[in-house]
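Its first residue numbered 257, the sequence shown is counted upward by one per residue in the numbering used here.
Inspection log for the structure reproduced underneath, given as structure tokens.
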Amino acid sequence: MRLLVTGGAGFIGSNFVRRIIDGTFPGIGHVTVLDKLTYAGTLKNLEMLPKNSFEFIKGDISDSGLVDELSKRHDAIINFAAESHVDRSITGARDFIETNVLGVQNLLAAALTNEVKTFVQISTDEVYGTISKGSWSEEFPLLPNSPYSASKASADLICRSYHRTFGMDVRVTRCSNNYGPYQFPEKVIPLFITNLIENKKVPLYGKGLNVRDWLHVDDHCQGIFAVLTAGKPGNIYNIGGGRELTNRELTNLILEKFGRDESSIEYVADRLGHDLRYSVSHEKITQELGYQPKVRFEDGLEQTIEWYKNNESWWRPLKK
Ligand code: NAD
257 MRLLVTGGAG FIGSNFVRRI IDGTFPGIGH VTVLDKLTYA GTLKNLEMLP KNSFEFIKGD
317 ISDSGLVDEL SKRHDAIINF AAESHVDRSI TGARDFIETN VLGVQNLLAA ALTNEVKTFV
377 QISTDEVYGT ISKGSWSEEF PLLPNSPYSA SKASADLICR SYHRTFGMDV RVTRCSNNYG
437 PYQFPEKVIP LFITNLIENK KVPLYGKGLN VRDWLHVDDH CQGIFAVLTA GKPGNIYNIG
497 GGRELTNREL TNLILEKFGR DESSIEYVAD RLGHDLRYSV SHEKITQELG YQPKVRFEDG
557 LEQTIEWYKN NESWWRPLKK
């Protein structure tokens, strides 16, 4: 299979590419990474890979000519490319619409014209909104609350339309909050870890009562590979980690690993429109594709902390 990975220089996409090259995900003959290298993407996430083990192209998923040319020579596309930080979507939503909506439609159109066999869109559980009890299945309505999640939900609907209208093999994954090495230090876990390494306090939104399900990036990528290789056309698959924590519980677990207490927390004004709870059911992908999250949260957190301690040269320039 010749695979085009868009957004493959970011946190999750680069993890997926590293797992192909190290043989964890077999059967991919050729990998091309297309990435715009925004503030969130860096070639440092791929520089440890052997030369010539993949092809890299710097470019935008909204560039029709480029995406058309690339679609001609690939069998499948996985789209990780996105503006991905909710806070940034609150201060300026335009880039989110351009990349997450128009960019996805541009990719789908090129894939359709050039008969790309399979298209996997990486989405998010945030498209479902917020849930006070129980967990979302893939049948739940889309009720996004932030400009970020609204842009992702829009892309999900456009994906659906390309399947229903043109019969394209489009598959959508909706995952919970990822964590692990190489995550840009604006997201909560790497922000808190790096602040503590720098002997700073950690900023906690509101009362810290928002609940998130945590998914190790290796588990997420394992689920995506299952969807790419064995998923069904037109289907949506939730991918969760099965570990829900309030932000305050999460913060205390991180503080504990650094031998610090709650005096290192700085409570800050809550995020506008902050969803209270996300909870995703991954029953479908478990039953149909045998997916199971393998990384215990405490172990994954410890490994992630060690990685940030040992890779200051990666994150310090990004935090400036
Ligand atoms: P990220 O911000 O780390 O990486 C995004 C990558 O996309 C970057 O390398 C960036 O340069 C690239 N990019 C952005 N705009 C582009 C464009 N127009 N053309 C080409 N490349 C472009 O994001 P991530 O955390 O790796 O997330 C990957 C995907 O997973 C996203 O679609 C995101 O919505 C989704 N997701 C992430 C999480 C999470 O917890 N990180 C949770 C749910 C869903």
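For glycine and all other residues, C-beta sits at the position ideal for the given N, C-alpha and C.
For residue 278, the secondary structure class from DSSP, reduced to helix, strand or coil, is coil. Beta-bridge pairing by DSSP links residue 430 to 379 and 494. Residue pairing for residue 312: DSSP places it in a beta bridge opposite 289. Look at residue 553: its beta carbon is at least 8 Å from all of the heavy atoms in the ligand NAD. Close CB contacts of residue 446 within its chain, under the 6 Å cut and outside five residues either way in sequence, are with 439 (chain order). Below 8 Å, too few C-beta pairs join the segment 542-556 and the segment 402-419 to call them touching: fewer than three. In this structure, the beta-carbon distance from residue 377 to residue 357 does not fall below 9 Å. Less than 9 Å separates the beta-carbon of residue 490 from that of residue 426. Rounded to whole angstroms, residue 517 and residue 269 show a C-alpha spacing of 34 Å. Distances between the C-beta of residue 346 and the heavy atoms of the ligand NAD are all 8 Å or more. Excluding residues up to 5 positions away in sequence, 549 lie with their Cβ nearer than 6 Å to the Cβ of residue 498 in the same chain. Looking at the DSSP output, residue 472 bridges to 435.
Counting the other CB atoms within 10 Å of its CB gives residue 493 a total of 16 or more, which places it among the buried residues. Residue 383 sits close to residue 430, with the two beta carbons spaced by under 9 Å.
Here residue 265 carries a coil assignment [DSSP, helix/strand/coil].
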